[in-house]
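J.: Before anything else, here's the structure in question.
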Amino acid sequence: MAEIIRKANSATGTPSRVKSYSSFAKGSRSALRKIAPLHARRKTPPPLPPKPPPPKKTKKQLELEEKWEEQLEETIEGWAALSSQERELLRKQKRDMEMGYED
C-alpha cells in the first residue's frame, strides 16, 4: 500500500526506479481515495439488535404448570422450605418428565 501511495505522489513524468506490473500501481490519486481508510476514526458496526422476548404462555400451559406445581407440593415434603433454585429445578424436571424429554 505504501508503494502505491508513493508512486501516486511522485511526479507523473518521472519514471520509477523499480518497474511494477501490479494493476494497483497504475492507480491515480482519485482511485486511491476510493479505498476505505483503515484508521481509528473508522465507524464501528452498530450493535446487534436485542433478542426478541420469549413468547407468552398460553392459558393451557399456565394451567398445566399450576397442576404440576400442586402435584409437587403434595408429593414432596418440605416444599415450602426449599430454596427458589431447588423449586425451579424440580419444576423443570417435572415439566421434562411430563413432556416426554429424556436426558
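Numbers given in my numbering equal positions in the sequence shown, counted from 1, plus 38. Cβ atoms here follow ideal geometry from the backbone N, Cα and C, with glycine treated the same way. This structure is a prediction, so every number in the text was calculated from the model and none was measured.
#1: Leaving out five residues on either side along the sequence, give the residues of the same chain with a beta carbon under 8 Å from the beta carbon of residue 95.
#2: Between which two residues does the alpha helix (DSSP H) harbouring residue 100 extend?
#3: Less than 8 Å separating the beta-carbons of residue 106 and residue 133?
#4: Report back the beta-carbon spacing between residue 117 and residue 110 to the nearest angstrom; my notes put them in contact at under 8 Å.
T.: Once the coordinates are examined:
#1: For residue 95, where only same-chain residues beyond five positions count, the Cβ hits under 8 Å are 103.
#2: Going by DSSP, residue 100 is part of the alpha helix (DSSP H) stretching over 97-113.
#3: For residue 106 and residue 133, yes; Cβs fall inside 8 Å.
#4: With a Cβ gap of about 6 Å, residue 117 and residue 110 count as contacting.
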